[in-house]
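*Asks:* Please find one structure pasted underneath; my questions will follow.
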Amino acid sequence: MSLYRLVGHDEAKAQINRAIQSGTMPQTVLIVGPEGTGKQRFALWVAQRLLCARPAGSEPCGECPPCRKLSGLAHPDVHWFVPIQRPKAGEPDRQVEEAAEALAEIMEERRQRPLWLEPDGMWGHGVPSARLLLRKLALTPVETGPKVFILGDAERLIVQEGADAAPNALLKALEEPPADTVVLLTAADPRRLLPTIVSRAVMLRLGRLSDDAVAEFLAAHLQPKPPAAVLAERVAAAEGSIGAALAEDGSAAKYREAAAAVVSAVVAGGSEPFERALRQTPFQARGDFTAMLDALAVLLSDAAREQSGQKPRRPVPKALKGRELNGLATASEKVQAAREAAQGNVNPQLLLATLALDLEEALCG
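At position 211 of the sequence shown (counting the first as 1) the number is 211 in my numbering, and the numbers step up by one without a gap.
Next up, the structure:
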């Protein structure tokens, strides 16, 4: 199965076209924008535009061998790195092999199912991925044109781990790529990247998509196709993010329910928050925990929208209605801090218990 057509972002595409046509294409581009708006799909479009043998005006032709290979995620000079689970092997070379195998499995999944969602909250770009990327950077291009490296969700780049030098070497390579290489990084929040990377890259911002574009994409690719009313509701809640619209499945509802239960426990007070924390599955479910925290952040955001007179994306839980905007903002900051702490070696039960105290202070005074 081929990649689905890139939706929207016409101005960003025009900027890339002008750079290619004028010979001023940067070697390192940082593509930023809201979650789920197609940043990695846009990076693949840039790679296709760079490697197309006969571009049709401002678009890749889609028919030449390079275009067909890239559309099938099989171009030998396009290397797409996404967050992966930490390899289990202890020997460094075997860790690199595991990283390569994990990436190959993900690419095969995306060939079969081009509608991908955000990776597990605990996955990242660790030392094995850094070593693998460095090895591929040293290769010469297989075909005519540059090598193109796509580092998706670059915020998850682990730049230090023990005494290993690979992450620092990778940083150097990202800052000064080889002459035959273009590096495309994507990030929803560039503030979480090292300043040295941001300063060496040319930043390209992607905005949210129009509701019409999201609706058209979902109508074309969702299977089974939802009823018109359900589709309209998902589009409205997505706020210009195809990824957010796609995530509106059973798992997303599960995480929203879990987040609403945390809020209810916090507002109830007493022993409720701690009982809820003890029910949180510990380390083996860390990915579910971070997904719940993400859902909690959305609930607080919707409550703030409603409190400020705007229409929330989804119904606001009763426990959050009428809360002060300052308290909701503080609660959101506490959730974000917990989300970042969850990436480390922290027990989710203890983290949730601490967060519950912070939320109670922010929301209940």
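Each residue gets a CB set at the ideal place from its N, CA and C atoms; glycine is no exception. Keep in mind it's a predicted model, so treat the numbers as computed, not measured.
I need the DSSP call for residue 304, collapsed to helix, strand or coil.
*Replies:* helix
*Asks:* Can you give me the C-alpha to C-alpha distance between residue 189 and residue 46, rounded to a whole angstrom?
*Replies:* 21 Å
*Asks:* Counting along the chain, where does the alpha helix (DSSP H) carrying residue 107 start and finish?
*Replies:* Taken as a continuous stretch (DSSP letters only), the alpha helix (DSSP H) holding residue 107 covers 92-112.
*Asks:* Which residue from 242, 79, 49 and 3 puts its Cα closest to that of residue 19?
*Replies:* 49
*Asks:* Quick one: any contact between the region 183-197 and the region 22-38, if contact means 3 or more CB pairs under 8 Å?
*Replies:* yes
*Asks:* What did DSSP end up calling residue 311 once you bin it into helix, strand or coil?
*Replies:* coil
*Asks:* So what's residue 327 in DSSP terms, helix, strand or just coil?
*Replies:* helix
*Asks:* By DSSP, does residue 39 sit in helix, in strand, or in coil?
*Replies:* helix
*Asks:* Could you tell me which residues DSSP pairs with residue 297 in its beta bridges?
*Replies:* Paired residue(s): none; residue 297 is not in a bridge.
*Asks:* Applying the criterion that 16 or more other CB atoms from any shown protein chain within 10 Å of the CB defines a buried residue, is residue 306 buried or exposed?
*Replies:* buried
*Asks:* If you draw a straight line from the alpha carbon of residue 76 to that of residue 171, how long is it in whole angstroms?
*Replies:* Going from the Cα of residue 76 to the Cα of residue 171 covers about 23 Å.
*Asks:* Distance, Cα to Cα, residue 207 vs residue 245?
*Replies:* 16 Å
*Asks:* Who are the Cβ neighbours of residue 323 in its own chain at under 7 Å, not counting the five residues just before and after it?
*Replies:* 303, 307 and 363
*Asks:* Please state the DSSP three-state secondary structure of residue 30.
*Replies:* DSSP, read as helix, strand or coil, puts residue 30 in strand.
*Asks:* What does the alpha-carbon distance come out to for the pair residue 356 and residue 340?
*Replies:* Going from the Cα of residue 356 to the Cα of residue 340 covers about 16 Å.
*Asks:* Can at least three beta-carbon pairs, one atom from the region 254-265 and one from the region 220-233, be found at a separation below 8 Å?
*Replies:* no
*Asks:* For residue 360 and residue 269, what's the separation of their Cα atoms in angstroms?
*Replies:* 8 Å
*Asks:* Rounding to the nearest angstrom, what Cα-Cα distance links residue 367 and residue 342 in this structure?
*Replies:* No statement about residue 367 is possible, as the shown extent of the chain runs from 1 to 365 and does not include it.
*Asks:* Rounded to whole angstroms, what's the CA-CA distance from residue 113 to residue 174? Just pull it up for me.
*Replies:* When rounded, the distance between both Cα atoms is 30 Å.
*Asks:* Taking the runs of the alpha helix (DSSP H) that are 4 residues or longer, which of them lie wholly in the region 178-215?
*Replies:* 195-200
*Asks:* Write down the C-beta distance between residue 133 and residue 149 rounded to the nearest angstrom, noting that I regard them as a contact closer than 8 Å.
*Replies:* 7 Å
*Asks:* Exposed or buried, what is residue 88 when buried is set at 16 or more other beta-carbons lying within 10 Å of its beta-carbon?
*Replies:* Counting of Cβ neighbours within 10 angstroms places residue 88 among the exposed residues, the total staying below 16.
*Asks:* So residue 73 and residue 107 are supposed to be a Cβ contact under 8 Å. How far apart are they, rounded?
*Replies:* 5 Å
*Asks:* How about residue 351 and residue 331: do their beta carbons lie closer than 8 Å?
*Replies:* no
*Asks:* Comparing alpha-carbon positions, which option in 209, 179, 103 and 177 lies nearest residue 152?
*Replies:* 103
*Asks:* Within this structure, are the beta carbons of residue 154 and residue 193 separated by less than 8 Å?
*Replies:* yes
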